[in-house]
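For reference, the structure is listed below as structure tokens.
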Amino acid sequence: MESTEASASLPISEAGRLGGVFHSPASVFPDIAANGRWWLAALIVVILSSVAVSLMVNRVGYDRMIRKTIETSQRMQEMPAEQKEKAIEMQRKMMPVMLRIGPVAAVLIGLLVIAGALLFIFNSLLDAGLTYKKVLNICAYGGLPPSVVSTLATVAVLYLKPPDEFDMQNPLAFNGGAFLDPDSTAKWLMSLASSLDLFTFWTIALFAIGFSAVCGAKRMPVSRALMGIGIPWLLWVVVKAGFASIFS
45 MESTEASASL PISEAGRLGG VFHSPASVFP DIAANGRWWL AALIVVILSS
95 VAVSLMVNRV GYDRMIRKTI ETSQRMQEMP AEQKEKAIEM QRKMMPVMLR
145 IGPVAAVLIG LLVIAGALLF IFNSLLDAGL TYKKVLNICA YGGLPPSVVS
195 TLATVAVLYL KPPDEFDMQN PLAFNGGAFL DPDSTAKWLM SLASSLDLFT
245 FWTIALFAIG FSAVCGAKRM PVSRALMGIG IPWLLWVVVK AGFASIFS
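Positions in the sequence shown are counted from 1; adding 44 to them yields the working numbering.
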């Protein structure tokens with residue numbers, strides 16, 4: 045009996061954590077929170093994102109990418125020819141740098157900010173009693189499955205479609221914005237529809253499972269954890285749509 049309890053309390057291997065978050069997240073999240081390496085999960089996402097961007101550049105090319113940016117930007121289309129040419133030249137210089145730095149910055153900064161916000165919400169409003177490191181581990185590992193699947197699917201679509209038909213903004217068409225016409229749809233509505241994304245919902249669900257598993261199902265049911273994550277996300281979606289409306 046004692047040996048069984050001891051074996052149950054042994055930490056899971058890193059491979060077990062990384063694999064378990066895909067197929068049995070509730071069972072591995074307590075160990076992830078206590079012993080996980082958030083930076084390793086983030087590194088996997090950064091590497092996959094960087095590889096996907098490199099493949100996109102090789103397949104689509106900077107010139108096509110810039111042209112598609114112009115086609116989807118009403119502001120650039122309305123620019124005088126000379127000003128537009130200067131903007132295109134600036135994009136040619138900046139795009140290679142931004143595409144290399146962007147994935148790293150987006151993953152790391154986004155992860156740190158989201159973990160901090162959720163730590164505040166769950167500790168101050170839901171009395172979760174968590175540490176920042178535990179929340180960071182939950183967020184890093186919880187975001188891993190959607191990031192891996194969406195990145196691999198994007199690469200598959202990249203090579204299944206002709207380069208001219210690849211949509212950089214909505215490569216997978218798994219959000220509402222992919223089914224709207226960007227030229228005739230209001231910017232606030234496009235922002236709102238694009239936020240209704242399958243992979244975002246998957247991430248929110250995994251976060252909720254993680255917080256519930258770490259805090260205990262009785263103390264923090266998944267439904268309560270979903271509220272703690274979903275309500276701030278909805279507020280962010282509304283604010284983002286508001287900014288899109290103001291600056292459109």
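C-beta atoms are modelled at their ideal positions from N, C-alpha and C, and glycine is treated no differently.
A quick note: this is a predicted structure, and the numbers were derived from the prediction, not measured.
Near L180, what residues of its chain come up, given a Cβ to Cβ distance below 8 angstroms and the 5 sequence neighbours on each side ignored? Non-local C-beta neighbours of L180 in its own chain, meaning closer than 8 angstroms and more than five positions away in sequence, comprise W82, L155, L156, A159, ordered along the chain.
Hey, out of A269, V283, F291, whose CA is closest to L162's CA? With distances taken between Cα atoms, L162 lies closest to A269.
Considering only DSSP beta bridges, list what N219 is partnered with. Answer is D241, bridged to N219.
In its own chain, which residues sit with a C-beta less than 6 angstroms from the C-beta of V148, not counting the 5 before and 5 after it? These residues qualify, in order along the chain: V90.
K177: which of P74, V282, S289 sits nearest, CA to CA? Out of P74, V282, S289, P74 has the C-alpha closest to the C-alpha of K177.
For L216 and G198, believed in contact at Cβ under 8 angstroms, the rounded distance: Note that residue 198 is Thr in the sequence shown, not Gly. With 8 angstroms as the limit, T198 and L216 qualify as a contact, their Cβ atoms being about 6 angstroms apart.
Could you check what DSSP says for P55 in three-state terms: helix, strand or coil? In the three-state DSSP reduction, P55 falls in the coil class, being neither helix nor strand.
Cutting at 7 angstroms between CB atoms, please list the residues of its own chain near R61, excluding the five before and the five after it. Excluding positions up to five away in sequence, the list reads V72, D75, I76, G80, Y185.
Taking the continuous alpha helix (DSSP H) assigned at T198, which residues delimit it? Unbroken alpha helix (DSSP H) run through T198: 188 to 204.
For P55 and A78, what's the separation of their Cα atoms in angstroms? Taking the CA atoms as reference points, P55 sits about 9 angstroms from A78.
Close Cβ partners of I110 (< 8 angstroms) along its chain, the five nearest in sequence each way excluded: Contacts found: I132, Q135, R136, M139.
Classify I275: buried if its beta carbon has 16 or more other beta carbons within 10 angstroms, exposed otherwise. Label assigned to I275: exposed.
With C-beta atoms as the reference, is G272 less than 7 angstroms away from L170? Cβ atoms of G272 and L170: closer than 7 angstroms.
Excluding the 5 residues flanking V104 on each side, which residues of the same chain have their C-beta closer than 7 angstroms to its C-beta? Here the set comprises P207, F210.
Assigned exposure category for E46 - 16 Cβ within 10 Å defines buried: Interpretation of E46 is limited by its pLDDT of 41, a score under 50 that renders its predicted location unreliable; the figure taken from the coordinates is listed afterwards. By the neighbour-count rule (16 or more Cβ atoms within 10 Å), E46 is not buried but exposed.
Going by C-alpha distance, which of E126, G220, G173 is nearest W232? The residue with the shortest Cα to Cα distance from W232 is G220.
Going by C-alpha distance, which of L188, M212, S194 is nearest V101? Selected option, being the one with the closest Cα: M212.
Whole angstroms are fine: how far does the CA of I114 sit from the CA of K130? Going from the Cα of K130 to the Cα of I114 covers about 13 angstroms.
Write down the C-beta distance between F243 and C183 rounded to the nearest angstrom, noting that I regard them as a contact closer than 8 angstroms. The pair is not a contact, with the Cβ atoms about 15 angstroms apart (cut-off 8 angstroms).
Closest Cα partner of S40 within the set S235, L99, L279, F245: Outside the displayed span of the chain (45 to 292) sits residue 40, for which this structure offers no information.
Exposed or buried, which one is F223 when buried takes at least 16 other CB atoms within 10 Å? F223 is exposed by the Cβ-count criterion.
Whole-number beta carbon distance between V192 and L92, since they are thought to touch under 8 angstroms: With a contact defined as Cβ atoms closer than 8 angstroms, L92 and V192 qualify at about 6 angstroms.
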